[in-house]
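Visitor: Okay, here's the structure, questions in a sec.
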Amino acid sequence: MPIISDGEIRAAIRRIEQSGKQETLVDGDGHGTGRLILILRPMPTRVTADWMAQQWRDKKRVKKKIGSYPSMSLATAREIFDRDFARLIQKGRSIKIATDARAGTVQD
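Residue numbers for the sequence shown, in our numbering: 5 to 112.
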């Protein structure tokens with residue numbers, strides 16, 4: 005099972021700053037269990053990184069944003085994926101209908 009580490013994320017950010025090409029880091033098994041992914045995109049002044057839950061439904065990839073790195077840590081993203089998305093995916097339900105179970109904050 006591929007596992008993302010904080011060091012791997014920092015190295016990917018440096019690579020993208022140099023290359024200017026989008027990259028995706030995968031944390032999880034695959035089709036049946038879904039995946040937590042980190043999509044890193046180059047922007048003119050920095051690299052953006054978004055945590056996404058990913059699943060396959062009807063032979064199509066479906067993604068839903070969980071949060072952004074570094075404001076959401078790797079551990080928090082894994083916790084939210086496991087709590088809010090993994091069971092839905094294993095039961096064959098769509099992640100599009102999943103809602104965040106966290107309490108609202110001023111930031112929200």
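The beta carbon of each residue, even a glycine, is placed where N, CA and C say it ideally should be.
Starting from the C-beta of G71, find all residues in its chain whose C-beta is less than 8 Å away, skip the five residues before and the five after it, and write them out in chain order.
Guide: Taken in chain order, the residues that qualify are D54, W55, T80, A81, I84.
Visitor: According to the Cβ coordinates, are I13 and T28 closer than 9 Å?
Guide: The answer is no: Cβ separation not under 9 Å.
Visitor: On the criterion of 16 or more Cβ atoms from any shown chain inside 10 Å, does D86 qualify as buried, or is it exposed?
Guide: D86 should be labelled exposed.
Visitor: Using only the alpha-carbon positions, how far apart do Y73 and I43 sit?
Guide: Computed Cα separation, rounded: 10 Å.
Visitor: Going by CA-CA distance only, name the one from G38, A15, S23 that's closest to M47.
Guide: It is S23.
Visitor: Rounding to the nearest angstrom, what Cα-Cα distance links D10 and M76 in this structure?
Guide: Cα to Cα, D10 sits roughly 12 Å from M76.
Visitor: What residue range is occupied by the uninterrupted beta strand (DSSP E) comprising Q59?
Guide: Its beta strand (DSSP E) spans residues 51-61.
Visitor: Give the DSSP-derived three-state secondary structure of G71 in the structure shown.
Guide: Strand at G71.
Visitor: Distance, Cα to Cα, K100 vs T52?
Guide: Each residue's alpha carbon lies about 23 Å from the other.
Visitor: DSSP three-state call for R97: helix, strand or coil?
Guide: If DSSP states are grouped into helix, strand and coil, R97 belongs with coil.
Visitor: Near R19, which residues of its chain fall below 8 Å by C-beta distance, leaving aside the five closest residues on each side in sequence?
Guide: Correct list, in chain order: E27.
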